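**Student:** In terms of the working numbering, the sequence shown has 84 at position 14, counting the first letter as 1, and numbering is strictly consecutive.
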Amino acid sequence: MRVDVVTIFPDYLQPLTLSLVGKAVRDGLLDLHVHDLRTWTHDRHRSVDDTPVGGGAGMVMRPDVWGEALDDLVRPDTHILLPSPGGQVLDQALVAALAAEQHLLIACGRYEGIDARVAEHYGNTARLTEVSLGDYVVNGGEVAALVIVEAVGRLLPGVVGNPQSLVEESHVDGLLEYPVYTRPPVWRDLEVPGVLTSGHHAQIARWRRDQSLRRTAARRPDLLSRLDPNALDDADRHVLDTLDTSPPPAVEVPHS
Ligand code: 5OB
Numbered sequence: 071m072r073v074d075v076v077t078i079f080p081d082y083l084q085p086l087t088l089s090l091v092g093k094a095v096r097d098g099l100l101d102l103h104v105h106d107l108r109t110w111t112h113d114r115h116r117s118v119d120d121t122p123v124g125g126g127a128g129m130v131m132r133p134d135v136w137g138e139a140l141d142d143l144v145r146p147d148t149h150i151l152l153p154s155p156g157g158q159v160l161d162q163a164l165v166a167a168l169a170a171e172q173h174l175l176i177a178c179g180r181y182e183g184i185d186a187r188v189a190e191h192y193g194n195t196a197r198l199t200e201v202s203l204g205d206y207v208v209n210g211g212e213v214a215a216l217v218i219v220e221a222v223g224r225l226l227p228g229v230v231g232n233p234q235s236l237v238e239e240s241h242v243d244g245l246l247e248y249p250v251y252t253r254p255p256v257w258r259d260l261e262v263p264g265v266l267t268s269g270h271h272a273q274i275a276r277w278r279r280d281q282s283l284r285r286t287a288a289r290r291p292d293l294l295s296r297l298d299p300n301a302l303d304d305a306d307r308h309v310l311d312t313l314d315t316s317p318p319p320a321v322e323v324p325h326s
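#1: Straight-line CA distance for A196 to D280?
#2: On the three-state DSSP scale, how would you describe L236?
#3: Please give me, in chain order, every unbroken run of the alpha helix (DSSP H) with length at least 4 that falls completely inside the region 259-306.
#4: Is any heavy atom of ligand 1 found at a distance shorter than 7 angstroms from the C-beta of G179?
#5: Please report the straight-line C-alpha distance between D74 and L246, rounded to a whole angstrom.
#6: Which word fits L236, buried or exposed, when buried means at least 16 other C-beta atoms lie within 10 angstroms of its C-beta?
#7: Strictly by DSSP, which residues pair up with Q158?
#8: If you drop the 5 nearest sequence neighbours on each side, which residues of the same chain put their C-beta closer than 7 angstroms to that of T286?
#9: Would you say Y240 touches ligand 1, meaning its beta carbon is less than 7 angstroms from a heavy atom?
#10: I'd like the list of long-range same chain contacts for P122, defined as Cβ closer than 6 angstroms, with 5 residues on each side in sequence excluded.
#11: Closest to G124 by CA distance: which of D185, R284, L160 is it?
#12: With S154 and G128 assumed to form a contact (beta carbons below 8 angstroms), what rounded beta-carbon distance in angstroms separates them?
#13: May I ask you to report which of helix, strand or coil DSSP gives A16?
#14: Roughly how many angstroms lie between the CA atoms of L86 and Q158, to the nearest whole one?
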């Protein structure tokens with residue numbers, strides 16, 4: 071897969087030279103190119119922004135500069151990603167879909183955003199998705215580019231050494247991961263659950279599945295309601311149907 075990132079802060083993408091993604095690039099599994107948007111300016115100040123039409127705070131990124139950059143980089147098979155707080159919230163299903171692409175082009179906006187005609191034009195002439203990291207504010211698209219390349223990169227064939235690691239994870243089956251333990255068997259009076267040292271592989275698998283279901287119900291009930299009912303077997307349904315979902319007893323506050 072080829073990934074192009076366009077930004078006014080190319081150094082922000084330096085972490086992608088490290089760890090798993092860095093090795094994927096060095097091994098030729100990920101063809102990553104980070105570009106400085108100012109490469110596509112022509113004025114002596116290399117200006118990329120201008121004041122908002124209609125007034126208001128901050129600056130808006132110029133469509134002409136972005137147009138020159140994207141025209142140079144877009145191919146027939148490109149999927150353009152525009153990080154934006156108003157975009158589709160990134161989840162593992164979107165990550166998996168992006169990992170099947172031949173070419174991602176991530177256009178990182180700063181300031182108050184990119185002139186809206188850029189998304190409109192490339193939405194009409196290419197495949198384009200606005201992507202949000204979630205319901206909070208960050209200053210620019212670079213951190214989203216880091217997240218997207220990290221999450222997509224690890225799904226590319228050969229990047230993660232043991233492919234089994236890719237399926238035994240939170241969110242892959244729509245559930246949170248079960249708790250994991252290593253040695254010692256007792257640490258600060260806390261014991262590793264006995265079933266895990268029992269050697270009964272079927273019981274271990276069932277215990278882990280129960281833990282995933284219980285954790286998801288307790289911490290992320292929104293995920294449970296989005297599960298495909300066919301993803302649950304009878305044992306799963308029994309676990310969920312017998313969960314104690316009553317709230318903890320309220321502390322009584324005496325009247326003064
Ligand atoms: N907030 N996801 C949540 C985002 C975001 C802000 C961005 C980009 C993606 O740029 C300002």
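Glycine included, each C-beta is placed from N, C-alpha and C at the ideal position.
Small disclaimer: the values here were computed from a predicted structure and weren't measured.
**Tutor:** The structure says:
#1: Looking up residue 196 in the sequence shown gives position 126. Looking up residue 280 in the sequence shown gives position 210. For A196 and D280, the distance between alpha carbons rounds to 44 angstroms.
#2: By one-based count along the sequence shown, residue 236 stands at place 166. Reduced to three states, the DSSP call for L236 is helix.
#3: 271-289, 291-295
#4: Here residue 179 is taken as the residue at index 109 of the sequence shown, counted from 1. At least one heavy atom of ligand 1 is nearer than 7 angstroms to the Cβ of G179, so yes.
#5: For the purposes of this step, residue 74 is identified with residue 4 of the sequence shown, where counting begins at 1. For the purposes of this step, residue 246 is identified with residue 176 of the sequence shown, where counting begins at 1. Their Cα atoms are separated by approximately 31 angstroms.
#6: Taking the first residue of the sequence shown as position 1, residue 236 is located at position 166. So L236 ends up on the exposed side.
#7: If you number the sequence shown from 1, residue 158 lands on position 88. Its beta-bridge partners are V201.
#8: Working through the sequence shown from its first residue, we reach residue 286 at position 216. L245, L246, L293, L294.
#9: Taking the first residue of the sequence shown as 1, we reach residue 240 at position 170. It is worth fixing the name first, because residue 240 is Ser in this sequence and not Tyr. Checking every heavy atom of ligand 1 against the Cβ of S240, none is found closer than 7 angstroms.
#10: Here the question's residue 122 lines up with position 52 in the sequence shown. The residues are V130.
#11: Within the sequence shown, the letter at position 54 stands for residue 124. Looking at the Cα atoms, D185 is the closest of the given residues.
#12: Reading the sequence shown from its first residue, position 84 is the one you call residue 154. Reading the sequence shown from its first residue, position 58 is the one you call residue 128. So it is not a contact: roughly 15 angstroms between Cβ atoms.
#13: In the structure as shown, the chain starts at 71 and stops at 326, and residue 16 therefore has no counterpart that could be examined.
#14: For the purposes of this step, residue 86 is taken as residue 16 along the sequence shown, with counting starting at 1. For the purposes of this step, residue 158 is taken as residue 88 along the sequence shown, with counting starting at 1. Each residue's Cα considered, the two are about 23 angstroms apart.
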